[in-house]
Amino acid sequence: MSVSESIDLPHFNDYWRVIRARFGIILTLFILTFGTGYFVSAFVLQKQYGGTVDIRVFKQDKDVQVFSQSDRNAFDPIFFESERSTIESKEILYPVIKKLNLVEKWSQRYLHGERLLREDEVYGILLGRHLKVEPQRGSNIIQITGISEEMEEAPLLANTIAETYIGVRTKNEKDRINRGLDNVADQIEKQRTIVTDAKKKVDDMRLQLGVDIIPGTQNESQLLDQELEGKQKQLDDARQDAVARRVRYEQLKNLSTEDLIDTLPSLGLNDANIDQIRQQELQGSANIQSLLKGGFGEEHPRVQSLRAAVGRAQEQLKSLAEGKRRALLIDLNVSEEKLKLLEADVASLRDKLRQEKSDKMAPFQEAVKERDRQQYILDQYEIRYKQENLDQQSPSQPATVISPANTNPNPVRPILWLNITLSGVAGLLLGLSVAFFIEYLDTSVKSLNDVEKTLGVPVLGIIPRGVKPLNKEPKDTPHAESYRILRARIDLQAHSGPGNTLTMISGGPGEGKSTTLFNLAHVCAEAGQSVIILDADLRRPSQHTILDIASGPGLADHLIRGVPIADLIRETAIPNLHIIPAGEDAHDAISRFDNQVLREIIVELKEKYQVIFIDSPPALGVSDASVIAHEVDKVVMVIQHRRYPREISIRTKKAIEEVQGNLVGVALNSVATNSDEGYYYYGAYADYYNNPKNRKKKKKGSSLQPRPAPPLPPGTTPPPTPPSQPDEF
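So the sequence shown is numbered by our numbering: it starts at 322 and just counts up by one.
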């Protein structure tokens, strides 16, 4: 990257300069936005109060677990998310609406009694504006917050919703347990029938065979008995496992998809895919509720998109649940096939044992063993059933209230400090955005670089904002230093021959050229040069006003009545400074002002004065400025800082060049040096050295040095050093 390219890159100081220059706009917009936010939050927005109830929720088994352990104490985040959706469901909130008579209350509040709200409309209002449900992460606590414009209604909503949820949950849990116990009772009845048949068979065989005591067998028979006993134990375990799987399958096959998915973890049949899709479904449902609370309607595309995603997740869950059912059935079939193989092995061993024993005792022994096995299975069923019945005598609550909601006089909405903070940030961002946007639209001259790049001429001097004519300023005013620098950079000394002529031209009115010309003439006169000002701005003459003298007689009298120029020269209160005002009939003399007349006047004045300053009208729109620019020795263009577009300055320069005017440079006028540190150097030293305190210390030999200037911003040209002897050029 070249040096020229790197200089063009924005620097932090460039942005800071914009902020300082447009600080008034930024501050105004900040105050307006901040004040509006405070006023709206404090006095316009309706206050809303809250009441929060904390409930502890316990996970219950879906049905009675006969052959497996309960996992009701295990933490399941999916369960608590589903309970959040349950609390926000119509099953819970519709009874709350009826119990609190919200249809009539809210119809009067929101519709002023014009009509009654429908129950589904009240449900939407309750869910969107008045209810907030939040499970506490990592715990089994759910917070239910009621929000209302009435202070007493907020805790009433929260407590009623919590009570309704606990009641519905208790009823549902009791119904599920009763269904499970009924199913186990049916299995017990079937098993009792099997045991009764086995006992009857043993009794019948004992009576038929007349057996009172089962005799022993030989050693080989004992080995076969041991082997048969081991195989029989495996068969019993397999049969019990098959029965358990059959019971489990019978209990699960008729469950709904949601109940089946909730039951799988308790059976040790967790499925990562099901858990992931279920989490996505619950997250989607929660996002839908958040959008509805945020004011989005049911027809909003985001709501519909989320509902479609939830529907797809539900279809996937349904498909996976059906797959689980099929897997359980396959698992049951495998278990039953294994049972059949074991039964075949046992039967084979029995045949061998039967060969070793008498045909009379073998069937009886097998019947006895079969009776004992069926009795054992029946005992397991009855023990579990009695245990569950005892547990039901003192059932545990599925949810309990930890801390009920109470009336809180402090509103929860609007959050004043948050709204004020956001208003302040928004105001600051708005102010900065508008400031930089205005700066982007502003095509006026903003810096020395703008002048030098746009016009290709040097900047001879920087005139601070608010400078008055020097005859109306204190004698030691630091503002005079700006004009001394300007004088030092313009060679006005007539090295040989008659004096120099100079005019100051601007593109538009009000850029300060007349004041700048007078002040430059003032410092030249103070330096001992003989100076005269010719007010040739016949359209808006101002030099006589600056000097507080009458406007006539003047240049107009010479043009109209032929009064000699020598008779029109007037002395001023400033030594070495004379003036020829425009005259009282200046406007009537415009048509008589041309190059020949001005050339003759200049020739005459050069014989008497070292420097002739000619005040001129603006260059654009009138011809007088072109006449003056053509005849004088030097032309200085005056540009007011941040006033007119650059195009005005470009056209002014072109107008001067078209008449062969000698444009020596630009005086940048009305610069806000306090708000732009890039111009610090053009006023800092003058302020320091013109301070009487600093001069007094200097006389006493003080070593006090001026405050060091801040570092130059990129692209800024340091000011020229004034000559040590201003009277010599």
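C-beta: ideal position from N, C-alpha, C; glycine also.
Rounded to a whole number of angstroms, what is the C-alpha to C-alpha distance between residue i and residue j?
i: Pro790; j: His865; result: 12 Å
i: Glu473; j: Gly449; result: 19 Å
i: Leu414; j: Ser406; result: 11 Å
i: Ala940; j: Ala946; result: 5 Å
i: Asp652; j: Gln561; result: 14 Å
i: Val987; j: Val778; result: 7 Å
i: Pro902; j: Tyr336; result: 46 Å
i: Gly644; j: Val361; result: 57 Å
i: Ala593; j: Ile609; result: 24 Å
i: Lys661; j: Arg633; result: 42 Å
i: Ile462; j: Gln718; result: 14 Å
i: Thr728; j: Arg513; result: 60 Å
i: Gln457; j: Asp375; result: 10 Å
i: Ala439; j: Arg566; result: First, the residue type needs correcting, since residue 439 is Arg and not Ala in the sequence shown. Using only the alpha carbons, I get a separation of about 49 Å.
i: Val772; j: Thr764; result: 12 Å
i: Arg963; j: Asn770; result: 13 Å
i: Gln465; j: Val454; result: Looking at the sequence itself, residue 465 is Ile, so the reference to Gln does not match. Those two C-alpha atoms are separated by around 5 Å.
i: Thr349; j: Ile784; result: 28 Å
i: Asp693; j: Arg500; result: 30 Å
i: Pro1041; j: Leu781; result: Residue placement at Pro1041 is poorly supported in this model, since its pLDDT is 44, which falls under 50; the coordinates are not used for a value here.
i: Lys1020; j: Ser803; result: Bear in mind that a pLDDT of 45 at Lys1020, under 50, signals an unreliable position, so the number given afterwards is only what the model happens to contain. Rounded to whole angstroms, Lys1020 to Ser803 spans 24 Å at the Cα level.
i: Leu641; j: Ile498; result: 25 Å
i: Ile418; j: Tyr444; result: 8 Å
i: Gly904; j: Leu762; result: 42 Å
i: Arg341; j: Gln981; result: 40 Å
Going by DSSP, name the residue or residues bridged to residue i.
i: Asn990; result: Gln961
i: Thr824; result: Ile935, Val956
i: Pro966; result: Ser765
i: Gly467; result: Gly372, Leu452
i: Leu855; result: Ile901, Ile935
i: Ser724; result: Asp375
i: Glu892; result: His899
i: Arg734; result: Gln369
Please check the pair residue i and residue j, which I expect to be a contact at CB under 8 Å, by giving their CB distance rounded to whole angstroms.
i: Phe839; j: Val339; result: Not quite, the Cβ-Cβ distance comes to about 33 Å (not below 8 Å), so this is no contact.
i: Asn825; j: Ser937; result: Per the sequence presented here, residue 825 reads as Met, with Asn not at that position. That belief holds up - the Cβ atoms of Met825 and Ser937 are roughly 7 Å apart, short of 8 Å.
i: Asp909; j: Ala877; result: 7 Å
i: Phe355; j: Gly748; result: 5 Å
i: Glu602; j: Leu573; result: The pair is not a contact, with the Cβ atoms about 20 Å apart (cut-off 8 Å).
Identify whether residue i lies in helix, strand or coil by the three-state DSSP scheme.
i: Val417; result: helix
i: Ile535; result: Because the pLDDT at Ile535 is just 48, under 50, the model does not fix this residue reliably, and the value given afterwards should be weighed accordingly. Coil, per DSSP.
i: Leu781; result: strand
i: Lys368; result: coil
i: Lys929; result: coil
i: Leu898; result: strand
i: Pro456; result: strand
i: Leu941; result: coil
i: Gly615; result: coil
i: Ile509; result: helix
i: Val788; result: coil
i: Ser406; result: helix
i: Glu494; result: helix
i: Val980; result: coil
i: Val489; result: helix
i: Thr568; result: Residue identity check: residue 568 is Val in the sequence provided, not Thr. Note: Val568 maps to helix in three-state DSSP.
i: Ile462; result: strand
i: Val424; result: helix
i: Leu985; result: A small correction: the amino acid at residue 985 is Val; Leu does not occupy that position in the sequence shown. DSSP places Val985 in strand when its eight states are reduced to three.
i: Met526; result: helix
i: Arg920; result: helix
i: Asp812; result: coil
From this set, the options, which residue's C-alpha is nearest residue i's C-alpha?
i: Thr798; options: Ser765, Gly831, Val844, Asp812; result: Val844
i: Gly787; options: Gly833, Ile826, Thr824; result: Gly833
i: Asn334; options: Pro684, Asn727, Val733, Ser768; result: Ser768
i: Gly875; options: Ile867, Pro885, Asp869, Leu868; result: Pro885
i: Ser827; options: Gln600, Thr973, Lys380, Gln572; result: Thr973
i: Gly434; options: Gly752, Glu425, Asn897, Asp441; result: Glu425
i: Ala720; options: Asp954, Lys492, Tyr370, Val568; result: Lys492
i: Glu658; options: Gln686, Ala563, Leu576, Glu979; result: Ala563
i: Glu691; options: Glu664, Glu709, Arg705, Ile704; result: Glu664
i: Gln529; options: Pro684, Gly745, Tyr930, Glu952; result: Pro684
i: Ala848; options: Glu510, Asp672, Ala809; result: Ala809
i: Leu549; options: Leu366, Gln686, Pro730; result: Gln686
i: Ile867; options: Glu571, Thr837, Gly615, Ile704; result: Thr837
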